[in-house]
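S.K.: In this note's numbering, the protein residues as written are 12 to 971.
The structure's right below; bear with me while I get my questions together.
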Amino acid sequence: MLRPRDLSLATRAHLRLRAWRTRTAPATARPLRHPRDPLPPSARPFTCCSPLSQPSEPATAAPARVSTDISAGHPLDARAALVARLKTQCNALYVDNAAFVPPAQALAQWHAAISSLASASPASEAPQLAAEVERAYESAVAIASKQRQTPLAAQLVQQMAQLGYRPTARTHAMLVRNVALQLRPDGAPATSTRDLRTLLQDVPDDRWPRELLRVLERETRPLQLRTAREVALFHERLIAGVEAQLSAYERTAADATEAADRRLTSGPYHEALRVYADNGVPFARMLQLMVARRLTVGVETYGVLLLGARWNEIPATLSQLLQSKLVDDLVRPRDGAAAVAARAHVHRLWVNAMKAVVHSSTERFNALAASVSKRDVDQLRKVFTYVDRQLADAFGTVAFDDAAAQRDDVYAMRAKAAAACGLRAAVQRILNEYVQSSGHEDDQQRPRGLSTAPFLMALEVVPWALMDVLTLSRQDALARAESRDVAASPRVLAMQRLYDRVLQQLDAAQATVDAIEQQLTAGDAEGSDDELRKLRSWQNVARETVRREARRAATLERRLANARVLKANQLLIEEHLDRADRTVALVLETLQRAGCSVPTDVDLDVHVKLMEQYLTAARRLDRRLAQRQKHVGPHVMRRVFGLVNRISGAVRSGALDVQEAETRAKLVTFFEHAVGTAVRLWCEEETAALVRQQQRLLGTLQLSSREYEQLIFQSVTNLDVRRAHALLQEMHNAGMKPSGEAIHRIALGLLHRRNALPTDDGHTSYAEESVEDDGDSEAEVDAETAVEDDAASADTGDMQLAGRDVAAAAEAALDSELSDLLNVSDRDAIEDELELRGGLRLDGDDAAAAADDDDRSAESSATARTLLLGSDAPVTVEDLVGFLQDWYNLYGVKPFGKTVVPVMAQLLDANNFAEFRRLLQIVDSMDGGLTPATELWLEKRLDRLGGKTLDDFRLKTNNK
12 MLRPRDLSLA TRAHLRLRAW RTRTAPATAR PLRHPRDPLP PSARPFTCCS
62 PLSQPSEPAT AAPARVSTDI SAGHPLDARA ALVARLKTQC NALYVDNAAF
112 VPPAQALAQW HAAISSLASA SPASEAPQLA AEVERAYESA VAIASKQRQT
162 PLAAQLVQQM AQLGYRPTAR THAMLVRNVA LQLRPDGAPA TSTRDLRTLL
212 QDVPDDRWPR ELLRVLERET RPLQLRTARE VALFHERLIA GVEAQLSAYE
262 RTAADATEAA DRRLTSGPYH EALRVYADNG VPFARMLQLM VARRLTVGVE
312 TYGVLLLGAR WNEIPATLSQ LLQSKLVDDL VRPRDGAAAV AARAHVHRLW
362 VNAMKAVVHS STERFNALAA SVSKRDVDQL RKVFTYVDRQ LADAFGTVAF
412 DDAAAQRDDV YAMRAKAAAA CGLRAAVQRI LNEYVQSSGH EDDQQRPRGL
462 STAPFLMALE VVPWALMDVL TLSRQDALAR AESRDVAASP RVLAMQRLYD
512 RVLQQLDAAQ ATVDAIEQQL TAGDAEGSDD ELRKLRSWQN VARETVRREA
562 RRAATLERRL ANARVLKANQ LLIEEHLDRA DRTVALVLET LQRAGCSVPT
612 DVDLDVHVKL MEQYLTAARR LDRRLAQRQK HVGPHVMRRV FGLVNRISGA
662 VRSGALDVQE AETRAKLVTF FEHAVGTAVR LWCEEETAAL VRQQQRLLGT
712 LQLSSREYEQ LIFQSVTNLD VRRAHALLQE MHNAGMKPSG EAIHRIALGL
762 LHRRNALPTD DGHTSYAEES VEDDGDSEAE VDAETAVEDD AASADTGDMQ
812 LAGRDVAAAA EAALDSELSD LLNVSDRDAI EDELELRGGL RLDGDDAAAA
862 ADDDDRSAES SATARTLLLG SDAPVTVEDL VGFLQDWYNL YGVKPFGKTV
912 VPVMAQLLDA NNFAEFRRLL QIVDSMDGGL TPATELWLEK RLDRLGGKTL
962 DDFRLKTNNK
């Protein structure tokens, strides 16, 4: 297909002439588009409506080739010359264009070109010239904004004012959007030192280390995930910048009437609300802007408000919309462009409302430290149910028959929102509605024109199976523990039998104590001293027996309750995951019924999405579940292995071709998610098995960079710095650049292993601490208790009378049985009962296991490789300094502030100023190596060393 720039000048002139003659009205505004990168209004945020839509000269044409004389000849020729001149100026702004010029030179060229056009244009054509120039500047601002050249966009608007032209409403809307772009440039720059001082000025001296280290921990994250103080400062500046742009926009109006008209019809105000919604500004602040600017509410306004609403604000906003007359206008039968516009508004309302529900769920429940209450979950589900029902009732008559993309988008977001609330029934209902909305094409009643996006979104309901488990209280587990399947557990039965025996002995010992007490009471008056002495000796022995048996009974009672809760939790987890499995099966069945071209059992998109959900569940919920004695690892890994075996079978059968680039890329992503899930669930053996399976299927020993980093995370968590360093060397040998996070993990792993973290500065441990109570630690404590009881029994053995040997033998047998029972972890025993670990087998592992010699050889080779590659792993803090410098020299990987600060703190605590000076010089020499938070931490930390400063440790040069 020929492009406009490939046509000859004569052909293009003929096309322009024909287009001009077919018009029955004066020329209307049409968008200015780049020949290679069009900017349609529906797809690009910085599009412009400009009349400069005619083909221009080639991009390499110099501006001088276009005549500045636009007054002579036919009006068509004059307009064509004007359009060509302005298009050439716009093309020169594209950074990937051969005619690109730097911003400073571009500004000068724009000024010269517009000035020459104005001087060459007759007075009668001044209005037309002004309109064309204003829209050309609008296009230029759009190009600069799209390329994130916000200073250039602002300078272009200033140049317009200098030349006497007024920016259009769309230009002002782009300037409003640029406020957020300027405050959030690419790369998420760290908060400046000046801002940090302002934020921490009211923090007490004893709390600043913790607050500053919290900033350090999050300085590499996106702005919305940083500390609350930083987010509040960003919102403050964003609001101030947006308000300033809106005030500038209002000042451009010629009079109050025009300003009011613009407020009703133009987009800067809606763009301001959209900027607020996209950047997490509170909903109340959006309402304040509407009131302060006297914004008239329309359909577009409600769409933006829904995007920024959260929780109860969503149904409140929707109710206001439904009570207005706007709904009647949207559902009224229309034709042509009016129908298209109404359909677009309905689509936007649906999508934004569902996005608000998803964001509400994500912000409240997805943080690792977030508390999840059943009341909050039920409240969110009520919000979704109400919003979805109200939208369906209001806009159910609006059909998307002619806009399949909009229909797919609406149903995909509805399925995603229902999944984000854990509503399995709603997910299935939405998918059924989606299938029914497609129509039928043959007698088999097979739907047509369906997208897989809604079905893939529906799979996001899987993590909510574990979220529901998280909301279960201990009382729920205790109630479930009263069921028959828990009472019939072999582990519970064994502990119950032993507990009953101990209680019998405790009752017998207590009865003996009571009997002796009665004899002593009765014998005080008539018994001899020898008899009383013997009775008191018997009484001491009996009391010691009571104390010993009471300790045993308490231990067994605690372990018995713990075993019941663990068993109940395992059954509850399995039940919830079974429900999720049934939901997944229904989703895939519906997808197959909808005419999926690929069988769902070998569809890689489905399997990658499902594996991604297991990884999401492991990241967000495993730690919080383990802290509540809810261990999901075996349950999830059994499902992960099932998916891997299914894909492995498809590869071996030839249904999937690993040599195809797209298939191979999806398989790599699939195994990345699988390995990441095993790592996050602390399953080391399963992780190794998944890595071996991937290497067998793909025929390569090399892993992806993401997998290497996951394995480094696993090694560092186990404080195996040598293996982590070996993995880093493997990445280097494969030509992969490690991330700063991998360097950070190894550095902190070494410090943790040396027990050298500066805990006085409030730095938390990198390795996730397990505060679970599953019986593993109790097994050791209870075994020690049994040994102490044996020792106590031996100490009092000389006071026992004849016949005690038989009782001692029985006691020893009970002690042995008790120790054997308590030394076994309740968690392992119950998982063995449920066969959770026995089923974790990958296809191909059995065949490999048959070759024992090959396995031993491979294992020995892997061990030797680890020892070789990890031989130069850092051991001391001094080695760690060189380690950071080496990887910066190799790949330019700058250590994070959260990496450098603990090392510096250790060196300062050890008074190792020489090595501290060396590390400071290394980091200071890197481009941006000394982050603002690191610099502020050093200032405060060095001030505690007798008022020293950074300059005292920097390299001093002699000024000659």
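All C-beta atoms, glycine included, are put in the ideal place defined by N, C-alpha and C.
Would you report the Cα separation of T945 and D289, rounded to the nearest angstrom?
M.R.: 30 angstroms
S.K.: Which residues in the same chain have their Cβ closer than 6 angstroms to the Cβ of A591, if we skip the five residues on either side of it in sequence?
M.R.: V473 and A476
S.K.: Put G660 into one of helix, strand or coil per three-state DSSP.
M.R.: helix
S.K.: Suppose the cutoff is 6 angstroms on Cβ atoms and the five residues either side in sequence are ignored; what does the same chain contact list for L174 look like?
M.R.: I125
S.K.: Taking just the CA atoms, how far does A823 sit from F894?
M.R.: 57 angstroms
S.K.: Can you name the start and end residues of the alpha helix (DSSP H) that T680 belongs to?
M.R.: Membership of T680 in the alpha helix (DSSP H) is indicated by the continuous run A672 to R691.
S.K.: Along the alpha helix (DSSP H) that carries P989, what are the first and last residues, could you check?
M.R.: The displayed coordinates of the chain run from 12 to 971. Any statement about residue 989 would go beyond what the structure contains.
S.K.: Where does the unbroken alpha helix (DSSP H) through E324 begin, and where does it stop?
M.R.: E324 to Q334
S.K.: Measure from the alpha carbon of A629 to the alpha carbon of each residue in A123, A840 and V686, then state which is nearest.
M.R.: V686
S.K.: Report the CB separation of T483 from L636 in whole angstroms; it is logged as a contact under 8 angstroms.
M.R.: Residue identity differs from the one stated: residue 483 is Leu in this sequence, not Thr. With 8 angstroms as the limit, L483 and L636 do not qualify as a contact, their Cβ atoms being about 10 angstroms apart.
S.K.: Identify which residue in K909, V292, H356 and Q713 has its Cα closest to the Cα of A251.
M.R.: Among K909, V292, H356 and Q713, the Cα nearest to that of A251 belongs to V292.
S.K.: With DSSP as the reference, label H122 as helix, strand or coil.
M.R.: helix
S.K.: Between the Cα of Q917 and those of A758, K393 and A884, spot the shortest distance and give me the residue it belongs to.
M.R.: A758
S.K.: Under a three-way DSSP split, which group does A40 fall into?
M.R.: In this prediction, A40 scores a pLDDT of 37, lower than 50, which makes its location untrustworthy; the coordinate-derived value is nonetheless stated afterwards. In the structure shown, A40 sits in coil (DSSP, three-state: anything other than H, G, I, E or B).
S.K.: Using alpha carbons as the reference points, say which of F111, R928 and D938 lies closest to T960.
M.R.: The option with the nearest alpha carbon to T960 is R928.
S.K.: To the nearest whole angstrom, what separates the beta carbons of T601 and F466, a pair I think is in contact under 8 angstroms?
M.R.: About 7 angstroms separates the beta carbon of T601 from that of F466, a gap short enough to meet the 8 angstroms contact definition.
S.K.: Which class does G653 belong to by DSSP, given the choice of helix, strand or coil?
M.R.: helix
S.K.: How about I325 and V398: are their beta carbons less than 7 angstroms apart?
M.R.: yes
S.K.: Please state the DSSP three-state secondary structure of L953.
M.R.: Three-state result, L953: helix.
S.K.: Do you know how far the Cα of R440 is from the Cα of H618?
M.R.: 22 angstroms
S.K.: With C-beta atoms as the reference, is R354 less than 7 angstroms away from A414?
M.R.: yes
S.K.: From which residue to which residue does the alpha helix (DSSP H) around K909 run?
M.R.: G908 to D920
S.K.: My parser needs the alpha helix (DSSP H) runs of 4 or more residues fully inside the region 490–576; what are they?
M.R.: List check, alpha helix (DSSP H) in window: 495–498 and 501–534.
S.K.: Output the distance between the C-alpha atoms of T698 and A689, rounded to the nearest integer angstrom.
M.R.: 5 angstroms
S.K.: For D963, which residues in the same chain have their Cβ closer than 8 angstroms to its Cβ, ignoring the five residues on either side in sequence?
M.R.: L953
S.K.: State the CB to CB distance for the pair L461 and V438, rounded to an integer number of angstroms; the pair is presumed to be in contact (CB under 8 angstroms).
M.R.: L461 to V438, Cβ: 16 angstroms. No contact.
S.K.: If we ignore side chains and look at the alpha-carbon of each, how far apart do L517 and N573 end up?
M.R.: 22 angstroms
S.K.: Distance check for N580 and Q486, CA to CA, integer angstroms please.
M.R.: A direct Cα-to-Cα measurement between Q486 and N580 gives close to 11 angstroms.
S.K.: Just confirm the distance between the C-beta atoms of R502 and I841, as a whole number of angstroms; I'd bet it's less than 8 angstroms.
M.R.: 6 angstroms
S.K.: Count the other CB atoms within 10 Å of the CB of S936; is the residue buried (16 or more) or exposed (fewer)?
M.R.: exposed
S.K.: In whole angstroms, give me the CA-to-CA distance for A137 and T182.
M.R.: Straight-line Cα distance between these residues: approximately 21 angstroms.
S.K.: Among P344, K427, K385 and L284, whose alpha-carbon lies nearest the alpha-carbon of W361?
M.R.: K427
S.K.: Whose CA, out of R345, A367 and T373, lies closest to the CA of V394?
M.R.: A367
S.K.: Per DSSP, what kind of secondary structure is G958 in: helix, strand or coil?
M.R.: coil
S.K.: Assess, as a yes-or-no matter, whether the region 205–220 is touched by the region 300–315 under the definition of 3 or more beta carbon pairs within less than 8 angstroms.
M.R.: Segments in contact, no.
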